[in-house]
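A quick write-up on the structure given underneath.
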C-alpha cells in the first residue's frame with residue numbers, strides 16, 4: 002500500500018526532526034534560561050507542529066489529532082487518520098532521561114468511534130542515547146528501527162510480550178490507597194521482579210517491547 | 002589553573018565523542034546483528050579508548066584508571082590523576098534509556114590511597130535525548146552543561162542535594178532479604194515519594210543533582 006508507506010515515512014521523518022530539536026534545544030533559549038517549565042512547553046508545541054506538518058505533506062492523511070490539539074484536524078488527504086502524542090515525558094526531559102512520541106494509524110477519514118483492533122499501524126519513537134522507532138504494521142512482523150546518518154535501519158523484529166520479571170509501576174502512589182495495587186506491588190517485590198521506571202510512559206512501554214517481557218501498570 | 006582546565010576540556014571532548022559513538026552505533030554491525038551482548042561490549046571498549054586517548058592528549062594527566070582497565074595507566078603528564086567509568090548502563094542501552102560516563106580528578110600522580118575529599122573535580126555525562134555534563138569543580142559553583150553544535154553551554158548551577166520526595170532504589174530486591182531496606186522502602190511508599198529508576202546509576206544519580214533533592218540507595 003503506497004499511501005500507508007507514505008504515511009509511515011512522513012511520521013518517521015517527523016520523529017527524526019523531533020529528535021534533533023530535542024537534542025539541540027533549538028526552540029529554546031537554553032543557554033540563558035533558568036527555568037525548564039517554559040522550555041518544555043515550547044518543545045512540546047514544536048514537536049506537535051513538526052508532526053502535523055509532515056502528516057499534511059504526506060498527502061494521504063485525512064485527519065489527525067494530538068494530545069496538544071485533541072480535535073479532528075483535516076489535513077487534505079483521504080486514506081488514513083492518525084492520533085499521536087508528539088512528546089511524552091516532559092517531567093523527565095530536564096533530567097535528560099529518554100522521552101518519546103507515540104502514534105496510531107487507522108484507515109479512513111475519521112478517528113471517532115474507532116477501536117484498537119482497527120489500527121493498521123501502531124508505534125512509538127524513543128529519543129534517548131539513540132533515536133529509535135518501534136513499529137507494528139498490520140500483516141508485517143513488528144520491528145525496531147534506529148536512526149543512523151539520517152536513515153532508518155532495522156535492528157530487530159519482535160512479536161508478543163511474554164510474562165517476565167520486569168515491572169514499571171506507573172502509579173506507585175496508588176499502592177497507598179488501593180488494596181489491589183498494593184497486593185500487586187507485594188507480588189512483584191516478593192517474586193524479585195526487576196524494576197525499571199523512568200516516569201515517561203513511551204520509553205517505559207517500549208522497553209517491554211524490546212525486552213519481550215514484563216508489565217507496565219498505570 | 003590551566004592544567005586543570007585542559008584536563009576538563011579533554012574529558013568533555015571525550016564525552017562528546019562517546020555520545021556520538023553511542024548514537025550512531027559506529028562501532029557496531031547494528032543493521033545485521035541479532036544480539037546486543039557483543040555490541041554493548043564493543044561500545045564500552047570504544048568509550049574507554051576515547052577517554053584514555055583524550056586524557057593522554059591533554060598532556061597534563063599522570064595516570065588514569067577505568068572500570069574497564071582498573072590499573073594505574075601512565076599517560077605522560079605530571080599534574081593530575083583521573084578515575085572513570087566510560088559507559089555506565091550497559092543493561093539499559095538496548096532499551097534506549099539514558100546512559101552515562103562518570104569521572105573524578107585528583108591532584109598528583111597516583112590514584113592510590115586517595116579520598117573523596119581530595120577530589121578537585123567530580124562529574125558525569127549523561128547521554129540521553131540530550132548530551133549533558135554535570136560537574137563540580139573545587140571552588141567553583143557546580144553546574145550542568147549541554148552540548149549544542151559541538152560546543153558546551155551552561156544551563157544551570159546547583160549546590161547541595163536537599164531532602165525531597167524522589168527515590169531511586171538501586172537494590173530493590175534487597176527489600177526481600179534485608180529488614181532495614183524493607184523498612185526504608187515502606188517509608189518511601191507511605192510518604193508517597195516519586196519513583197524514578199532507570200537502572201543506570203549515572204543518570205539515576207544525575208537526576209538528583211538536577212532536581213536538587215531525593216535519595217539513591219544501593
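Chains as they are written, first to last, in this note's numbering: chain A, 2 to 219; chain B, 2 to 219.
C-beta atoms are modelled at their ideal positions from N, C-alpha and C, and glycine is treated no differently.
- Around the Cβ of residue 48 of chain B, a 10 Å sphere holds 16 or more other Cβ atoms; the residue is buried.
- If one requires a minimum length of 3 residues, the beta strand (DSSP E) runs lying completely within the region 108-134 of chain B are 122-128, in chain order.
- Partner residues in a beta bridge of residue 209 of chain A, as assigned by DSSP, do not exist.
- Burial check for residue 158 of chain B: the Cβ neighbour count within 10 Å stays below 16, so the residue is exposed.
- Within the region 96-111 of chain B, contact with chain A at the beta-carbon level (separation under 7 Å) is assigned to 96, 97, 98, 99, 100.
- For residue 207 of chain B, the nearest beta carbon of chain A is closer than 8 Å to its own beta carbon.
- Rounded to the nearest angstrom, the gap between the Cα atoms of residue 205 of chain A and residue 65 of chain B is 36 Å.
- For residue 198 of chain B, the secondary structure class from DSSP, reduced to helix, strand or coil, is strand.
- Residue 84 of chain A has A/66, A/105 as its beta-bridge partners, per DSSP.
- Chain order gives no chain A residues near residue 165 of chain B, where near means a beta carbon separation below 8 Å; the closest approach is about 13 Å.
- Looking at the backbone, the Cα of residue 56 of chain B and that of residue 199 of chain B are separated by about 29 Å.
- When Cβ-Cβ separations below 8 Å define contact, residue 9 of chain B makes no contact with chain A.
- The continuous beta strand (DSSP E) containing residue 164 of chain A extends over residues 163-170.
- For residue 155 of chain B, the pairing in a beta bridge is given by DSSP as B/146.
- Secondary structure at residue 74 of chain A: strand, using DSSP grouped into helix, strand and coil.
- Of all residues in the region 141-174 of chain A, only 147, 149, 150, 154, 155, 156, 157, 170, 173, 174 place a beta-carbon less than 8 Å from a beta-carbon of chain B.
- Across the region 113-145 of chain A, CB contacts with chain B closer than 8 Å involve 127, 128, 129, 130, 131, 132, 133, in sequence order along the chain.
- Leaving aside the five residues that flank residue 148 of chain B on each side, the residues in its chain whose CB is nearer than 6 Å to its CB run, in chain order, 17, 132.
- No Cβ-Cβ contact shorter than 8 Å links residue 124 of chain B with residue 82 of chain B.
- The criterion of a C-beta distance shorter than 8 Å is not satisfied by residue 192 of chain B and residue 155 of chain B.
- Between the alpha carbons of residue 142 of chain A and residue 74 of chain A lies a distance of about 30 Å.
- Only buried fits residue 80 of chain A, as 16 or more other CB atoms lie within 10 angstroms of its CB.
- Taking a beta-carbon distance threshold of 8 Å, residue 177 of chain B counts as an interface residue toward chain A.
- Residue 23 of chain A has a beta carbon lying within less than 8 Å of a beta carbon in chain B.
- Taking a beta-carbon distance threshold of 8 Å, residue 193 of chain B counts as an interface residue toward chain A.
- For residue 216 of chain A, the enclosing beta strand (DSSP E) starts and ends at 214-218.
- Taking residue 197 of chain B as the centre and dropping the five residues before and after it, the same chain places the C-beta of 167, 169, 208 closer than 7 Å to its C-beta, in chain order.
- For residue 181 of chain B, the enclosing alpha helix (DSSP H) has its first and last residue at 180-191.
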